[in-house]
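Participant:
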Amino acid sequence: MTLIVWDVEKNVVRKARREDLYEAIYMITQLIPLGRVTSYKNISEILGVNPRLIGQALKNNDKPIIIPCHRVIASNGYLKNYSRGGIVVKKKLLVLEGVIVKGEKVSRKYFIDLKKILS
DNA sequence: ATTTGCTCAGCTC
DNA sequence: GAGCTGAGCAAAT
0 MTLIVWDVEK
10 NVVRKARRED
20 LYEAIYMITQ
30 LIPLGRVTSY
40 KNISEILGVN
50 PRLIGQALKN
60 NDKPIIIPCH
70 RVIASNGYLK
80 NYSRGGIVVK
90 KKLLVLEGVI
100 VKGEKVSRKY
110 FIDLKKILS
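Yeah, the first sequence ends on 118 if you go by numbering that gives the first Met the number 0, and it's all consecutive.
#1: From Y56 to V48, what distance separates their C-alpha atoms?
#2: Could you tell me how far apart the beta carbons of I42 and I27 are, in whole angstroms, since I believe they sit closer than 8 Å?
#3: Between K40 and the rest of its own chain, which residues show a CB-CB distance below 6 Å, the 5 nearest in sequence each way excluded?
#4: Going by C-alpha distance, which of H69, N80, L30, A15 is nearest V94?
#5: So L81 packs on R35, CB below 8 Å; how close in whole Å?
#6: Would you mind reading off the limits of the alpha helix (DSSP H) that contains I3?
#7: Just list the alpha helix (DSSP H) runs in the region 9–49, keeping only unbroken ones of 4 residues or longer that don't cross its boundaries, in chain order.
#8: How far does the alpha helix (DSSP H) with V88 in it extend, from its first residue to its last?
#9: So, at 6 Å on beta carbons, what are the nonlocal neighbours of K58 in its own chain, with the 5 sequence-adjacent residues on each side left out?
#10: Excluding the five sequence neighbours on either side, which residues of its own chain have a C-beta within less than 8 Å of the C-beta of I31, listed in chain order?
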């Protein structure tokens, strides 16, 4: 479960550096459309890494404005955490975008499969 | 709805 | 190098 990349400068295959991996995660996160959500797992499957790594990356995000990390939730539909304001803020943002959140859970129908977008 | 076991990158020492 | 910690997941209860 490790992201392998082609190093253009050194002309070799190697393990992705942390910054490379995080950068990839941020880019993919930006593909989630307004009013939709996806799971940590969905992103992790695209990159072939551990789902927990996605959470690590989003938590440590250095571009809080342009990265809609509130649209990334647990695969069971629950909101999980949000480093900037917690679940309360995460829920508010989603509701603002038209997602119906019952308690702390989002219906399946709002999930989008990013692998299909990338196909 | 809650508990339990699994997992692995990153961090600390 | 060993041990701990999760913005997780899935199955069982």
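Note that CB positions come from ideal geometry on N, CA and C, so glycine has one too.
Facilitator: Judging by the given coordinates:
#1: Position 57 of the first sequence, counted from the start, is the residue given in the question as residue 56. Position 49 of the first sequence, counted from the start, is the residue given in the question as residue 48. Before going further, note that residue 56 is Ala rather than Tyr in the sequence given. The alpha-carbon atoms of A56 and V48 are separated by roughly 12 Å.
#2: Your numbering for residue 42 matches position 43 in the first sequence. Your numbering for residue 27 matches position 28 in the first sequence. The distance from the Cβ of I42 to that of I27 is about 5 Å, consistent with a contact at the 8 Å cut-off.
#3: Within the first sequence, the letter at position 41 stands for residue 40. Residues of the same chain with a CB within less than 6 Å of the CB of K40, apart from the 5 flanking positions on each side, are P50, S74 in chain order.
#4: Position 95 of the first sequence, counted from the start, is the residue given in the question as residue 94. Selected option, being the one with the closest Cα: H69.
#5: Against the first sequence, residue 81 aligns to sequence position 82. Against the first sequence, residue 35 aligns to sequence position 36. Contrary to the premise, residue 81 reads as Tyr rather than Leu in this sequence. Actually they do not touch by this definition, with Cβ atoms about 17 Å apart.
#6: Residue numbering aside, residue 3 sits at position 4 when the first sequence is read from its first letter. According to the DSSP assignment, I3 belongs to no alpha helix (DSSP H) but to the beta strand (DSSP E) extending over 3–6.
#7: 17–28, 39–46
#8: Here residue 88 is taken as the residue at index 89 of the first sequence, counted from 1. It spans 85–95 - the alpha helix (DSSP H) in which V88 sits, taken as one unbroken run.
#9: Within the first sequence, numbered from 1, the residue matching residue 58 stands at position 59. If we look at K58 and ignore the five residues flanking it on each side, its Cβ neighbours are S82.
#10: As a position in the first sequence, residue 31 is number 32, starting the count at 1. Only T37, P67, R70, V71, I111, L113 meet the Cβ criterion.
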